[in-house]
Ligand code: TRP
């Protein structure tokens, strides 16, 4: 059963993503001072995160990109990504935010104009209120960034209908605009590695688990569009650098020589060129060197006219459960706290929320509560409690029956009221500053519906 990013239900069982699709788990202790969602287990999975960790720790350039689908109102679930975005920004990322107006147009029936208006009022201004800074930041609309659309088109050369059907469950009646949405997202993620936007470098995409099909698709395409591909040699130890595509002998020789000199200067001395097979043998390399080689050959590849894409890295967060126990949904106001909710009404929602409490007080005192099922505890973890000790303490006292739901609800409602009041005050003080964040490379007139 493919995961469908456009109708993501609660993804309870993400273990199968790890098992079937090779996602890795995210280590909540892997770095210092990470935001709550990263250090408390809400971010559960990752691909290629070590590239990002290294870049941050060594102060090397890297890009961070995320996308927002402007549909409905921004709620605390969306804030989980923004907390990460702001953390990456504080750690030197080139920050990109894609407003997925084309995706909203194709999959949700919004006009492009309406999607953009909504993005600005509901999302972008809130991001700024939450602390996103203009430094090294570009917020852009899919529909007005030609590099994104052009890349979507060129990447499409190596995609066919069968693949898309398999990944996304598209059928013969799916509209072509919808079919293009994943390619546009590929364009979003990879365009930040074009020369114009900073060139090939590690790129982190923090997303919800439902977005993994897009990430895998993008990683495959990044690889498919490389000139050099790295594979184990057959029948002998070592790795091979292979040329994909048809090249004349001269061109192939030039490409292999280029790779050879790059690898030599990186300490791989034991190399043999095999021109008829369009192959360079790296005798002393093992499977552990594969990513390394691919990265070493990125810049030489650009010099030879290729893309040199790094496979994009990603982290995946679980979804917050809804306040009423089921799914959180923009169309059901009681299931979520929206950033634009009246703070007192939001507080009241928290007091009505579904918790991990027992049937009776007596039972709860005896058996303890179930914080892992509790929507209030989840808000503490992800949004309302700064200190790890305090969260642990709440967990323990709930489990052993000391802490009752009324106390937690009261605390949650007070903190929510305070949080929303703060965000809304900041948001209402934003006038034209948002313009500093929007970077459009060709603002063409766009028509809606
Ligand atoms: N598809 C994403 C969503 O439904 C939005 C999105 C568009 C996105 N482009 C992206 C997310 C690039 C991450 C990276 O929310």
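Numbering (the numbering used here), first residue to last: -16 to 432. Just so you know, even glycine gets a beta-carbon here, dropped at the ideal spot from N, CA and C.
- For residue 300, the enclosing beta strand (DSSP E) begins and ends at 296 to 300.
- At least one heavy atom of the ligand TRP lies closer than 6 Å to the C-beta of residue 81.
- Going by DSSP, residue 46 is part of no alpha helix (DSSP H) but of the beta strand (DSSP E) stretching over 46 to 51.
- By the criterion of a C-beta distance shorter than 6 Å, residue 360 is surrounded in its chain by 354, once the five residues flanking it on both sides are discounted.
- Residue 186: member of the beta strand (DSSP E) spanning 186 to 191, first to last residue.
- Contact check for residue 276 against residue 213 passes: the beta carbons are separated by less than 7 Å.
- Listed in chain order, the non-local C-beta contacts of residue 371 below 8 Å within the same chain comprise 22, 23, local neighbours out to five positions each way being set aside.
- The three-state secondary structure of residue 270, taken from DSSP, is helix.
- Here residue 317 carries a helix assignment [DSSP, helix/strand/coil].
- Counting along the chain, residue 257 sits inside the beta strand (DSSP E) bounded by residues 254 to 257.
- Residue 34 is positioned such that its CB atom lies no closer than 7 Å to that of residue 196.
- Residue environment: residue 99 is assigned as buried (16 or more neighbouring CB atoms within 10 Å of its CB, all protein chains considered).
- In the structure shown, the three-state DSSP call for residue 67 is helix.
- At a Cβ-Cβ threshold of 7 Å, residue 388 and residue 351 do not count as neighbours.
- Two segments are said to touch when three or more pairs of C-beta atoms, one from each, lie closer than 8 Å; by this definition the segment 41 to 49 touches the segment 68 to 85.
- In this structure, residue 322 lies away from residue 63, with their beta-carbon atoms at least 7 Å apart.
- Setting aside the 5 residues that flank it on each side, residue 290 is surrounded in the same chain by 208, each with a C-beta closer than 6 Å to its C-beta; the list follows chain order.
- Residues 320, 399, 403 of the same chain have their beta carbon placed closer than 6 Å to that of residue 329, with the five preceding and five following residues left out of the count.
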